[in-house]
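Enquirer: Numbering of the sequence shown is given in the working numbering, commencing with residue 2 and proceeding in unit increments.
Quick one: the structure is below, and I'll ask about it shortly.
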Amino acid sequence: MPTSTPLLDTLAAFDKANQEDPNREQVDGKSVAKEYLYGLRMSERLQQFCPDASEVLQLAVRAQHIRRWDIPRSDYPMNRTGYRQWRSRLGVYHGEVAGAIMTAHGYGQDDVDRVQALLSKSNLKRDPEVQTLEDVACLVFLEHYLEEFARKHEQSKLINILRKTWRKMSPEGQQAALALPLSDSIKTLLEHALQSD
Numbered sequence: 002m003p004t005s006t007p008l009l010d011t012l013a014a015f016d017k018a019n020q021e022d023p024n025r026e027q028v029d030g031k032s033v034a035k036e037y038l039y040g041l042r043m044s045e046r047l048q049q050f051c052p053d054a055s056e057v058l059q060l061a062v063r064a065q066h067i068r069r070w071d072i073p074r075s076d077y078p079m080n081r082t083g084y085r086q087w088r089s090r091l092g093v094y095h096g097e098v099a100g101a102i103m104t105a106h107g108y109g110q111d112d113v114d115r116v117q118a119l120l121s122k123s124n125l126k127r128d129p130e131v132q133t134l135e136d137v138a139c140l141v142f143l144e145h146y147l148e149e150f151a152r153k154h155e156q157s158k159l160i161n162i163l164r165k166t167w168r169k170m171s172p173e174g175q176q177a178a179l180a181l182p183l184s185d186s187i188k189t190l191l192e193h194a195l196q197s198d
């Protein structure tokens, strides 16, 4: 998908920043930086879901979790309010980090502002590119992270989270979710969440 040198260079710089993540995942027997892997998965899903995505959307998708580990969840109260405060701060922080890298690679302020607006998720449901970013994030969660998440939480909480995830997605995103290669147990869980919603 990427063709311009500034885009490729900036994506590579995002990847370099995320490769510093001390949190690791095992993939095919290799230890990989968690947020670096997440960024690659986001870009791969965007290419499948929206192959004609704009340059700024490609950048925002790759920077969705850039240097996420710098602001731990534990820095905020372990309740719903604390979670929202943490997510809000992360959205701003990801935009700051991405913006600095973009500027260093020759992007102008308009592009930086746009990527930061996308990462803040403002105007979800009204801004098509924000919605696409949210759809891609939901699809990546469902495909790559829900299985492990499900092992750590009770079913009632999972059902609630899946309902909220589904409501955030566009009809196109929901259709793509139903076509994901999910395990039978996750498919059953998703079906239960949708039937009881």
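We treat Cβ as the ideally placed atom computed from N, Cα and C, and that holds for glycine.
Short check: CB of Met103 to CB of Val113, under 8 Å?
Expert: Yes, these two residues count as a Cβ contact at 8 Å.
Enquirer: Does the beta-carbon of Asn24 have 16 or more other beta-carbons within 10 angstroms, so that it is buried, or is it exposed?
Expert: By the 10 Å Cβ count, Asn24 comes out exposed.
Enquirer: Let's see if you can read the secondary structure: which residues bound the alpha helix (DSSP H) around Lys169?
Expert: First-last of the alpha helix (DSSP H) with Lys169: Gln156 to Lys169.
Enquirer: Identify every run of the beta strand (DSSP E) within the segment 74 to 125, keeping only runs that are complete inside it and at least 3 residues long; order them along the chain.
Expert: List check, beta strand (DSSP E) in window: nothing returned.
Enquirer: Do Cys139 and Ala178 count as a contact pair if the criterion is CB distance below 8 Å?
Expert: Cβ atoms of Ala178 and Cys139: closer than 8 Å.
Enquirer: Assign Tyr84 to one of two classes, buried (16 or more other C-beta atoms within 10 Å of its C-beta) or exposed (fewer than that).
Expert: The residue in question, Tyr84, is exposed, as its Cβ has fewer than 16 Cβ neighbours within 10 Å.
Enquirer: For Arg90, collect the residues of the same chain with a Cβ closer than 7 Å to its Cβ; drop the 5 residues on either side in sequence, then sort them by chain order.
Expert: Counting only Cβ-Cβ distances below 7 Å, and skipping sequence neighbours, we find Ile72.
Enquirer: From which residue to which residue does the beta strand (DSSP E) around Arg42 run?
Expert: Unbroken run through Arg42 is the alpha helix (DSSP H), Lys35 to Phe50; no beta strand (DSSP E).
Enquirer: Go ahead and label Glu36 buried or exposed: buried means 16 or more other beta carbons lie within 10 angstroms of its beta carbon, across all protein chains shown.
Expert: Buried, by the Cβ-count rule.
Enquirer: For Asp76, count neighbouring C-beta atoms within 10 Å of its own C-beta (all shown protein chains included) and say buried if the count is 16 or more, exposed if not.
Expert: So Asp76 ends up on the exposed side.
Enquirer: Given a cut-off of 8 Å, decide if Leu134 and Val57 are closer than it, judged by their beta-carbon atoms.
Expert: For Val57 and Leu134, no; Cβs fall outside 8 Å.
Enquirer: At which residues does the beta strand (DSSP E) containing Gln27 begin and terminate?
Expert: Arg25 to Val28 is the extent of the beta strand (DSSP E) around Gln27.
Enquirer: So which of Arg81, Ile187 and Cys51 has the shortest CA-CA distance to Pro129?
Expert: It is Cys51 whose Cα lies nearest to the Cα of Pro129.
Enquirer: Take Ala18 and list the residues in its own chain whose beta-carbon comes closer than 8 Å to its own, dropping the five residues that flank it on each side.
Expert: Excluding residues within five positions, the ones whose Cβ falls inside 8 Å are Ile67, Arg68, Val98 and Ile102.
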